[in-house]
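Notes follow the structure.
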Amino acid sequence: MVLRSGGSELTRDQLSSEAAKVAGFLVAEGVSPGDRVAIYAANSPAWVVGYLGVIRAGACAVMMNPDYHSAEAEHILRDAEPKLVIADGARREIVSKLGFKAVPVEHLPRGEPPPMPALSPESPAAILYTSGTTGRPKGALLDHGNFLAQGRGALEVWRWTDKDVLVHALPLFHLHGLGMGLHGTLLGGGSAVLIPFTPEDVVRELTQGGGTMFFGVPSMYQRLCEWLEQNPTDLSHVRVFVCGSAPLPPALFERCAKLLGQPPVERYGITEGGIVVTNRYDGPRRPGRVGFPFPGVEVKLGEQGEVLLKGGQVFKGYWRNPEATKEAFTPDGWFKTGDVGEIGEDGSLAIRGRIKELIITGGFNVYPREVELVLEQHPAVHEVAVAGVPSEKWGEEVTAFVVPSGSKPPNEKEIIAFAHERLASYKCPKRVVMLDKLPRNAMGKVQRSLLGK
Numbered sequence: 034m035v036l037r038s039g040g041s042e043l044t045r046d047q048l049s050s051e052a053a054k055v056a057g058f059l060v061a062e063g064v065s066p067g068d069r070v071a072i073y074a075a076n077s078p079a080w081v082v083g084y085l086g087v088i089r090a091g092a093c094a095v096m097m098n099p100d101y102h103s104a105e106a107e108h109i110l111r112d113a114e115p116k117l118v119i120a121d122g123a124r125r126e127i128v129s130k131l132g133f134k135a136v137p138v139e140h141l142p143r144g145e146p147p148p149m150p151a152l153s154p155e156s157p158a159a160i161l162y163t164s165g166t167t168g169r170p171k172g173a174l175l176d177h178g179n180f181l182a183q184g185r186g187a188l189e190v191w192r193w194t195d196k197d198v199l200v201h202a203l204p205l206f207h208l209h210g211l212g213m214g215l216h217g218t219l220l221g222g223g224s225a226v227l228i229p230f231t232p233e234d235v236v237r238e239l240t241q242g243g244g245t246m247f248f249g250v251p252s253m254y255q256r257l258c259e260w261l262e263q264n265p266t267d268l269s270h271v272r273v274f275v276c277g278s279a280p281l282p283p284a285l286f287e288r289c290a291k292l293l294g295q296p297p298v299e300r301y302g303i304t305e306g307g308i309v310v311t312n313r314y315d316g317p318r319r320p321g322r323v324g325f326p327f328p329g330v331e332v333k334l335g336e337q338g339e340v341l342l343k344g345g346q347v348f349k350g351y352w353r354n355p356e357a358t359k360e361a362f363t364p365d366g367w368f369k370t371g372d373v374g375e376i377g378e379d380g381s382l383a384i385r386g387r388i389k390e391l392i393i394t395g396g397f398n399v400y401p402r403e404v405e406l407v408l409e410q411h412p413a414v415h416e417v418a419v420a421g422v423p424s425e426k427w428g429e430e431v432t433a434f435v436v437p438s439g440s441k442p443p444n445e446k447e448i449i450a451f452a453h454e455r456l457a458s459y460k461c462p463k464r465v466v467m468l469d470k471l472p473r474n475a476m477g478k479v480q481r482s483l484l485g486k
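Numbering (the working numbering) for the sequence shown: 34 to 486.
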């Protein structure tokens, strides 16, 4: 197993040795099993060593988006109350001004490796904060058993082996990059190359660096396809492409199939449980469907078609938030995802939207994703997000926010007429707003609360 980045390499033994020394420093600083240590830094091999050092000390890693500004960082630090924060660059200044101790990720102090902590599957491993697309982020507390179940599931469903090389361009603070990318690599004994995302770098590592796997979000695949159209490259040797964290438009699915040599394996995941559903490695891979439950995961639909989950990789609750935890589970222990789903005759799951994003217009319920899937078929539409805008007449008006595919914006009446040919009238947008880009979070999810502002 090798972790590569730039011109540096770290083997499994080196990662283990360096993590143990970092753990020695943390223990000397008074960090005990269960204490929180936050990581507020950009992707790097030093980030990985720091994270593994936190785990090796038996502490609980608090994941922080490196793009957070002071107010966002303050919310997480006040909530998690870490003993110290591993940070880089200007982020150390933010941490210090907020009154927390910061240590440099670039030059992490080392110490004498401590004895292995006495941990169990129920021991806390990390707090990952929800994306906050509908409110302030909550801290999902995941334990070692959750992480182990997630990683083992990924090895099984995607046939991950020690011969694989993952081209890793996802944020490590997020469960997609951490629980699947890093943990899968460590558990499977394969290798990974850690790079910032650019289409050129991804293709170079897949062709020249021996990459056999790539995980990405739809916006990454969009840029990758745009680059490949100008720079055709044979990627048929790549074993698997995986896509998630946001819906993959059917048109992009087909574009990927043509340019990558195979469609991505679309999957569905949550901060509170990692990847819980995926299309099968051997297919069929169907656009608009996220597939079948991970090993050990149970899926069913509850009220309003809400996707409910059970399984060893699903968390047990939110950090210091018993009210949110109680609301998140049914009385018999199923986690309520807040996503609306549909299970087909073959047992595969499709995600239709978020319950909180439901538009109620003239007394009718409209799920934005259903409308988006139709409008994405229009040749003049590059991207689209649908949301409800307050209306005295309708309660909410179905409104489409469109990023045009060309220099000439599509006509609003044309877009609305296109929808009326394919949808019931109450589902069709009453307004179309042109945008240069859609507001998204770090993992490419549209922030609907910002639309129209």
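Cβ atoms here follow ideal geometry from the backbone N, Cα and C, with glycine treated the same way.
For the alpha helix (DSSP H) holding residue i, just list the boundary residues, first then last.
i	result
Phe58	45-61
Val81	78-89
Leu292	283-293
What residue range is occupied by the uninterrupted beta strand (DSSP E) comprising residue i?
i	result
Ser424	414-424
Glu429	428-437
Tyr73	69-73
Asp176	172-176
Gly217	Careful: Gly217 lies outside any beta strand (DSSP E), inside the alpha helix (DSSP H) at 216-221.
Arg300	298-303
Ala92	Unbroken run through Ala92: none, as it is neither H nor E.
Val310	307-311
Taking only three categories from DSSP, how would you classify residue i?
i	result
Gly210	helix
Asp102	In the sequence as displayed, the identity of residue 102 is His instead of Asp. The answer is coil: DSSP assigns His102 none of H, G, I, E or B.
Glu336	helix
Leu181	helix
Gly345	coil
Ser38	strand
Cys461	coil
Pro251	helix
Thr363	coil
Ala452	helix
Val64	coil
Val235	helix
Pro355	helix
Val466	strand
Taking the DSSP output, what are the residues bridged to residue i?
i	result
Asp372	Arg387
Gly324	Leu382
Leu199	Ala225, Met246
Val330	Gly344
Asn398	Ile393
Phe274	Phe247
Val190	Paired residue(s): none; Val190 is not in a bridge.
Leu161	Ala173
Val479	Arg473
Gly350	Leu174
Met96	Ile72
Pro442	BP columns for Pro442 are empty, so no partner.
Pro137	Ala120
Once you ignore the five residues that flank residue i on each side, which residues in its own chain have a CB closer than 7 Å to its CB?
i	result
Gly488	Past the boundaries of the shown model lies residue 488; the chain is included only from 34 to 486, so the question cannot be answered.
Ala56	Gly86, Arg89, Ala90, Pro146, Pro147
Trp427	Thr394, Gly395
Ile388	Gln337, Glu339, Gly371, Val373
Thr167	Its pLDDT being 49, under 50, Thr167 is placed unreliably in this model, and the coordinates cannot settle the point.
Thr358	Gly350, Tyr351
Pro296	Phe286, Cys289, Ala290, Arg318
Glu375	Gly338, Ala383, Arg385
Could you pull out every residue in the same chain whose Cβ sits closer than 8 Å to the Cβ of residue i, ignoring the five residues on either side in sequence?
i	result
Val414	Leu408, Val435, Val436, Pro437, Ser438, Pro443, Ile448
Val82	Leu43, Leu48, Glu51, Ala52, Val55, Leu141
Leu342	Ile303, Gly306, Val309, Val330, Glu331, Val332, Trp367, Phe368, Thr370
Ala284	Glu409, Gln410
Ile392	Asn398, Val399, Tyr400, Pro401, Val419, Ala420, Gly421, Glu429, Val431
Quick one: what's got a C-beta closer than 6 Å to residue i's C-beta in the same chain, skipping five residues either side?
i	result
Phe451	His411
Leu175	Ala158, Ala159, Phe348
Val60	Ala90, Pro147
Gly324	Val310, Thr311, Asn312, Ser381
Gly242	Val226
Arg402	Arg385, Gly386
Arg288	Cys258
Ala120	Tyr73, Ala74, Val128, Ala135
Ser38	Pro78, Leu227
Phe58	Pro142, Arg143, Gly144
His207	Met476
Verify the contact flag: residue i, CB atom, against every heavy atom of the ligand FAD, threshold strictly below 7 Å.
i	result
Arg455	Looking for the ligand FAD in the displayed structure turns up nothing, as the structure carries no ligands at all.
Whole alpha helix (DSSP H) elements within the region 101-135, 4-residue minimum: As summarised for the region 101-135, the continuous alpha helix (DSSP H) elements at least 4 residues long and confined to that stretch are 103-113, 123-130, given in chain order.
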